[in-house]
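Residue numbers (my numbering): 35 to 137.
All C-beta atoms in this analysis are idealised placements derived from N, C-alpha and C, irrespective of residue type, glycine included.
These numbers come from a predicted model, not from an experiment.
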Amino acid sequence: MDPGQRVWVSLFYMDKNMIDILFDIIGMTGTFLVVGAFFLLQLDKVSPDGIKYNMMNLSGAILLLISLCYNFNLASFVIELFWIVASLIGLYKYFKKRRLATA
């Protein structure tokens, strides 16, 4: 696609360069969330069973998946799907344990 060409994204027309930057920001935010969650885990600031760790991983993986829809890479796409599933399992276990504790 020609850089001067206009592309429809959401409700706005943006140049391709702006779209590239937007999806890079989305992807980098996702990366910081996933890596940040891992660092917090290693520093004993979050629990692997806690909501904060799993929400950071889920949010980061979703943002990375969004960025991959623009710059597709099959291997990265598949690992992000697994990361989302693992995070959802962690959240399910968290809420199940919490519900049983209050019952």
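(request) Return helix, strand or coil for Asp78, following the three-state DSSP convention. (result) The answer is coil: DSSP assigns Asp78 none of H, G, I, E or B.
(message) Let's test the definition: count the other Cβ atoms within 10 Å of the Cβ of Leu45 and tell me whether it reaches 16, buried, or not, exposed.
(response) A caution first: Leu45 carries a pLDDT of 46, below 50, which makes its placement in the model too unreliable to give a value.
(request) Determine the burial state of Tyr87: buried for a count of at least 16 other Cβ atoms within 10 Å of its Cβ, exposed for fewer. (result) Under this definition Tyr87 is a buried residue.
(message) Given a cut-off of 8 Å on the beta-carbon distance, is the pair Leu99 and Phe111 in contact?
(response) Contact: yes.
(request) Select from Phe116, Arg132 and Leu108 the residue whose C-alpha is nearest the C-alpha of Ala138. (result) The structure shown does not extend to residue 138, since the chain spans only 35 to 137, so no value can be given for it.
(message) Once the 5 residues before and after Leu97 are set aside, which same chain residues still bring their CB inside 6 Å of it?
(response) Spatial neighbours of Leu97 in its own chain (CB-CB distance under 6 Å, excluding positions within 5 residues in sequence) are listed in chain order as Ile60, Thr63 and Gly64.
(request) Alpha carbon to alpha carbon, how far is Val80 from Val119? Give it in angstroms, no decimals. (result) Each residue's alpha carbon lies about 20 Å from the other.
(message) For Ala109, report the span of its alpha helix (DSSP H) as first-last.
(response) Unbroken alpha helix (DSSP H) run through Ala109: Leu108 to Thr136.
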